[in-house]
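What follows is a single structure, written as structure tokens, with notes after it.
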Amino acid sequence: MKNIHDVLKGPCLTEKANLQHETMAKAVFEVHPDANKIEIKQAVERMFKVKVATVRTTRIPGRKKRVGRHIGHTSDWKKAYVTLSEGEISFVDEL
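Offset between the sequence shown (1-based) and the working numbering: plus 15.
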């Protein structure tokens with residue numbers, strides 16, 4: 016997982032993520048399920064040229080979905096909460 020575009024899939028744009036960004040200087044990303052915290056930190060620092068303080072990750076299990084009489088499920092995915100260091104400017108507006 017050396018390529019930063021393989022590690023970071025995109026931003027997670029939810030109400031909770033926006034609230035954390037505004038109040039606690041955190042950004043939320045959807046990341047590759049095999050990416051670890053060190054790779055996520057390096058990818059964010061390289062892509063946005065900011066200093067990252069901490070990275071917290073969580074795995075989101077897929078849910079069962081029903082379309083008509085057919086039952087399927089959504090894919091499992093991984094989310095990363097990235098906290099910026101003190102004095103760093105917000106970068107989520109660039110996304």
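We put the CB at the ideal spot given by N, CA and C, even for glycine.
Taking only three categories from DSSP, how would you classify residue i?
i           : result
residue 101 : coil
residue 88  : strand
residue 28  : coil
Output yes or no for whether 9 Å exceeds the beta carbon distance between residue i and residue j.
i          : j          : result
residue 50 : residue 93 : yes
residue 59 : residue 34 : no
residue 54 : residue 25 : no
For residue i, list the residues DSSP reports as bridge partners.
i          : result
residue 59 : In the DSSP output, where bridge partners are listed per residue, residue 59 has none listed.
residue 75 : 92
If we ignore side chains and look at the alpha-carbon of each, how far apart do residue i and residue j end up?
i          : j          : result
residue 63 : residue 86 : 40 Å
residue 98 : residue 47 : 18 Å
residue 84 : residue 75 : 25 Å
Going by Cα to Cα distance, which pick from the options is closest to residue i?
i          : options        : result
residue 73 : 54, 61 and 96  : 96
residue 79 : 102, 89 and 71 : 89
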